[in-house]
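Notes follow once the structure below has been shown.
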Amino acid sequence: MFFYNNHDADDKLRGDIENFIKDSNSVSYEKKYKLAVATLFLHYLLTQLSHIKIKAEA
Numbered sequence: 001m002f003f004y005n006n007h008d009a010d011d012k013l014r015g016d017i018e019n020f021i022k023d024s025n026s027v028s029y030e031k032k033y034k035l036a037v038a039t040l041f042l043h044y045l046l047t048q049l050s051h052i053k054i055k056a057e058a
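For the sequence shown, counting from 1, position 28 maps to 28 in UniProt numbering; every step adds exactly one.
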């Protein structure tokens, strides 16, 4: 979803996230799971990139 130029999907995802922030019960478990997986993946990816950057500067 994030990697394509599909603005409708991005807007829908943004709406799902905003609804989840307002009321966590408004989003299905499947969407919560997908959001959690994407969040963990991005956290892992950014953590790895920061370690690479630190090693390159040293």
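Glycine is no exception: its CB is placed at the ideal position from the N, C-alpha and C atoms.
Are the CB atoms of residue j and residue i within a distance shorter than 7 Å?
i     : j     : result
ASP16 : LYS31 : yes
SER26 : ASN19 : yes
Quick one: grab the DSSP three-state call for residue i.
i     : result
ARG14 : helix
SER26 : helix
MET1  : Its pLDDT being 45, under 50, MET1 is placed unreliably by the model, and nothing is read from it.
Report the option in the options whose CA atom is closest to the CA atom of residue i.
i     : options             : result
ASP10 : ASP23, SER24, LEU35 : LEU35
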